[in-house]
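Beneath this line is the structure, given in structure tokens, with notes to follow.
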Amino acid sequence: MSEHADHADHEDGYTGPATLLLEGAEVPVEVELRGHFQPIDGYYHWYGRVRADERVSELAAGKKRKIEIRTPEGSASGELSDPDPWDRYRLLGTSTPPFTVPTSLEEV
Numbered sequence: 001m002s003e004h005a006d007h008a009d010h011e012d013g014y015t016g017p018a019t020l021l022l023e024g025a026e027v028p029v030e031v032e033l034r035g036h037f038q039p040i041d042g043y044y045h046w047y048g049r050v051r052a053d054e055r056v057s058e059l060a061a062g063k064k065r066k067i068e069i070r071t072p073e074g075s076a077s078g079e080l081s082d083p084d085p086w087d088r089y090r091l092l093g094t095s096t097p098p099f100t101v102p103t104s105l106e107e108v
């Protein structure tokens, strides 16, 4: 087994219900989000997927869209990009994510 097998355990993230503000509509969705600090550019990058949702597909129409995402842990502006073959749209953003990020060793 690789020494990096537990890499995902070191990333911050959120899985659960969220609200997407997309094309003027509030759409309840299920998301899986992850993120990490990138020392090369000095920013926190977060990303993930929206579970396949008919309303999201209708509003996004297979194109990149600016969005706001809200979770019980926070909100953030980001981008919804092209869907994968299973109609799950990718989310991504830079800076403050829509989920809690540990800021001390006690929180980790």
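Residues in the sequence shown are numbered from 1 upward in steps of one, following the UniProt record's numbering.
We treat Cβ as the ideally placed atom computed from N, Cα and C, and that holds for glycine.
When C-alpha distances from glycine 62 are compared across Asp12, Ala52 and Pro39, the shortest belongs to Ala52.
For the options Ile69, Pro39 and Val29, the alpha carbon positioned closest to that of glycine 93 is the one of Ile69. Glycine 48 is positioned such that its CB atom lies no closer than 7 Å to that of leucine 20. In chain order, Gly62, Lys63, Lys64, Tyr89 and Arg90 place their CB closer than 8 Å to the CB of aspartate 82, counting only its own chain and leaving out the 5 sequence neighbours on each side.
Sequence-distant partners of glutamate 23 (beyond 5 residues in either direction) whose C-beta falls short of 7 Å from its own C-beta, in its chain, are Leu59 and Arg65. Burial is judged here by how many other beta carbons sit within 10 angstroms of a residue's own beta carbon; threonine 71 has at least 16 and is buried. Each residue's CA atom was taken as its position, placing arginine 55 and glutamine 38 some 33 Å apart. Of the candidates Glu30, Asp84, Glu32 and Pro97, the residue whose Cα lies closest to the Cα of serine 77 is Pro97.
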